[in-house]
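Numbering (this note's numbering), first residue to last: 1408 to 1792.
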């Protein structure tokens, strides 16, 4: 058990093992004139204006009690229509062929990726839109990130080091693993998202709440100053004892439009005893295994929002640019949700509230065994089967 002032990385023992929305446009000079509701045929015949007397009519429409005509009218005619009591004038909308979304299927994907694009477990395909989180940012508060790793392809950079006298290298590997799951080219959810590493752990896997708050404050400031509230999330696969101070910081950031996604913890107990897992406005993530059981180590409870893959997850590692590690923990589940958040921000747009609601709306319900009173929701990106 960590102390109230200590925060720890939440992972297992490290082992070397749709259619687009139509555009609202009008055609200049073209109009549709419709009969107002509740008007009788007698009223039409009495009107000084009907389709036979209007210059410029190109089409007439009659479907039961729907009557209308369309055309290109001069100003004199338009004025007559506007003054008439039984007809309503509308600009004619332009019709567009709706753009089809380009879905990509990654064959032989790691189980965690395949799992979040299907409603049932067991698939080996990861299906996603090719927007893939482009133009979004994951602020990973962790041990740093090996930014040169092949998985990131130049999309990762270090932003801040909260520890005095420490370089920005990832000397533990945890942060690189988390970042790889968020945005790695082959092992990541949002394959075109950017990663900004923020270092709060070095050779030790514990740090102080002061350093975590410093890192969190920097991340929020950077997001807000760069107007990235709708393009970024903060990823925290870490935790310690309950801290109202830290929870308040997370909740305040949410009110400023900054969404935090956090791990539930690995002690197989109620996550309400930990921060930032117990922050009301964070998305708190528990872990499942490949059979969609709650992972035996995963914390649980009413403060959880959702479950995601967190057992035996393969991702990037810090020892070389082509190194990988398979690891387990709610630390591995958290970045799956962060990746989907960025994916949805790029694909659909939305602020912190909208993205939170959308993730919970899309999630697969009642599919996880042994949730121990947690919401029974499994992460889903909306694009699979």
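Heads up, the beta-carbon is just placed ideally off N, CA and C, and yes, glycines get one too.
These figures come from a predicted structure and were not determined experimentally.
- Between residue 1621 and the set 1566, 1579, 1585, the nearest pair of CA atoms involves 1566.
- The beta strand (DSSP E) runs of length 3 or more contained entirely in the segment 1654 to 1680 are, from start to end of the chain, 1666 to 1670.
- Between residue 1786 and residue 1744, the C-beta gap is smaller than 8 Å, which places the two residues in contact.
- Contact between residue 1718 and residue 1735 holds, with the beta-carbon distance rounding to 5 Å and staying under 8 Å.
- Taking C-alpha positions only, residue 1710 is separated from residue 1477 by approximately 57 Å.
- Rounded to whole angstroms, the gap between the alpha carbons of residue 1568 and residue 1515 is 37 Å.
- Runs of the alpha helix (DSSP H) lying entirely within the segment 1555 to 1625 and spanning at least 4 residues, in chain order: 1581 to 1590.
- Its chain contains 1693, 1695, 1775, 1785 as the residues whose beta carbon lies nearer than 6 Å to that of residue 1714, once the 5 sequence neighbours on both sides are disregarded; these appear in chain order.
- Taking a C-beta distance under 8 Å as the contact criterion, residue 1584 and residue 1723 qualify as a contact pair.
- Judged by DSSP secondary structure, residue 1721 falls within the beta strand (DSSP E) whose first and last residues are 1720 to 1723.
- Put simply, of 1556, 1635, 1534, 1548 the residue whose alpha carbon is nearest the alpha carbon of residue 1728 is 1556.
- For residue 1533, the enclosing beta strand (DSSP E) has its first and last residue at 1533 to 1536.
- In this structure, DSSP gives residue 1726 a state outside helix and strand, which the three-state scheme calls coil.
- Bounds of the alpha helix (DSSP H) holding residue 1762 are 1759 to 1769.
- If you check the CB distance, residue 1522 and residue 1534 do not come in under 8 Å.
- The continuous alpha helix (DSSP H) containing residue 1749 extends over residues 1737 to 1754.
- In this chain, residue 1708 is not harboured by any beta strand (DSSP E), its DSSP state being neither H nor E.
- For the pair of segments examined, the segment 1668 to 1679 was found not to touch the segment 1619 to 1637: the number of CB pairs separated by less than 8 Å stays below three.
- Pairing residue 1740 with residue 1572, the inter-Cα distance amounts to about 31 Å.
- Under the 8 Å Cβ criterion, the segment 1609 to 1628 counts as touching the segment 1655 to 1662, having at least three qualifying pairs.
- A residue is called buried when at least 16 other Cβ atoms come within 10 angstroms of its Cβ; residue 1781 meets this threshold and is buried.
- Around the beta carbon of residue 1756, fewer than 16 other beta carbons sit within 10 angstroms, so the residue counts as exposed.
- Going by C-alpha positions, residue 1564 is about 9 Å away from residue 1605.
- Each of 1707, 1720, 1751, 1733 was checked against the Cα of residue 1783, and the nearest Cα belongs to 1707.
- Per DSSP, reduced to three states, the secondary structure at residue 1517 is coil, with no helix or strand assignment.
- When the beta-carbon positions are compared, residue 1665 and residue 1690 stay at least 8 Å from each other.
- Straight-line spacing of the CA atoms in residue 1530 and residue 1518 works out to 7 Å.
- In this chain, the beta strand (DSSP E) harbouring residue 1732 covers 1731 to 1734.
- Comparing alpha-carbon positions, the option among 1465, 1537, 1560, 1541 lying closest to residue 1752 turns out to be 1541.
- Counting along the chain, residue 1691 sits inside the beta strand (DSSP E) bounded by residues 1690 to 1695.
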